[in-house]
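In our numbering, the protein residues as written are 28 to 178. Note that CB positions come from ideal geometry on N, CA and C, so glycine has one too.
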């Protein structure tokens, strides 16, 4: 009987693992923070990134499209677009007279992504250029490495 339960849990674990629709993790590089992905399908996901930025915070929302890369299961390349909204500080960060300012812009993203087949782990490397509308400037050098737990 014990072996039947072990077998059932093993089968359930495989089927649940195959249906991973969420990924939560950390992002490091030029735009550190927390990352959450919701997979709408095997070729489309929505990603949200919460990042500390210049003494403030920003939240980014992206829609991403995935395509197989080679014959390795779980290896894809992706691209997408989205927008960010946040605040940043001018002046000295710890001085009460520092000003909080609005940060608003549009984002692109392109990268490679690997989902381990036997572990609930996802790794991606991406470039995420930004065009800030408020204040106006272009941030092209924005490379990041993310590690996510999938569930």
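Within 10 angstroms of the Cβ of residue i, are there 16 or more other Cβ atoms? Answer buried if so, exposed if not.
i	result
residue 94	exposed
residue 65	exposed
residue 89	buried
residue 137	exposed
residue 58	buried
Going by DSSP in three states, residue i sits in which element: helix, strand or coil?
i	result
residue 163	coil
residue 171	strand
residue 70	coil
residue 83	strand
Tell me which residues share the same chain as residue i and place their Cβ nearer than 7 Å to its Cβ, disregarding the 5 neighbours each side in the sequence.
i	result
residue 92	70, 71, 105, 106, 107
residue 178	47, 49, 147
residue 113	80, 83, 84, 85, 86, 130
residue 167	156
residue 115	80, 81, 82, 83, 128, 130
Among all the DSSP beta bridges, which residues are the ones paired with residue i?
i	result
residue 75	63, 88
residue 148	176
residue 105	93, 138
residue 157	134, 166
residue 127	116
residue 56	171
Give me the Cβ distance between residue i and residue j, rounded to the nearest whole Å; I'm assuming they're in contact under 8 Å.
i	j	result
residue 159	residue 131	7 Å
residue 144	residue 101	5 Å
residue 55	residue 172	5 Å
residue 60	residue 174	The pair is not a contact, with the Cβ atoms about 12 Å apart (cut-off 8 Å).
Excluding the 5 residues preceding and the 5 following residue i in the sequence, name in chain order all residues of the same chain whose CB lies nearer than 6 Å to its CB.
i	result
residue 141	101, 102, 150
residue 135	108, 156
residue 75	63, 88
residue 133	110, 158
residue 77	60, 61, 86
residue 24	Absent from the model: residue 24. The displayed extent of the chain is 28 to 178, so no value can be given.
residue 161	129, 131
Sorted by chain position, which residues of the same chain lie with C-beta nearer than 8 Å to residue i's C-beta, five sequence neighbours on each side aside?
i	result
residue 41	Any reading at residue 41 must be qualified, since the residue scores a pLDDT of 45, below 50, and its modelled position is unreliable; the value itself is stated next. Excluding positions up to five away in sequence, the list is empty.
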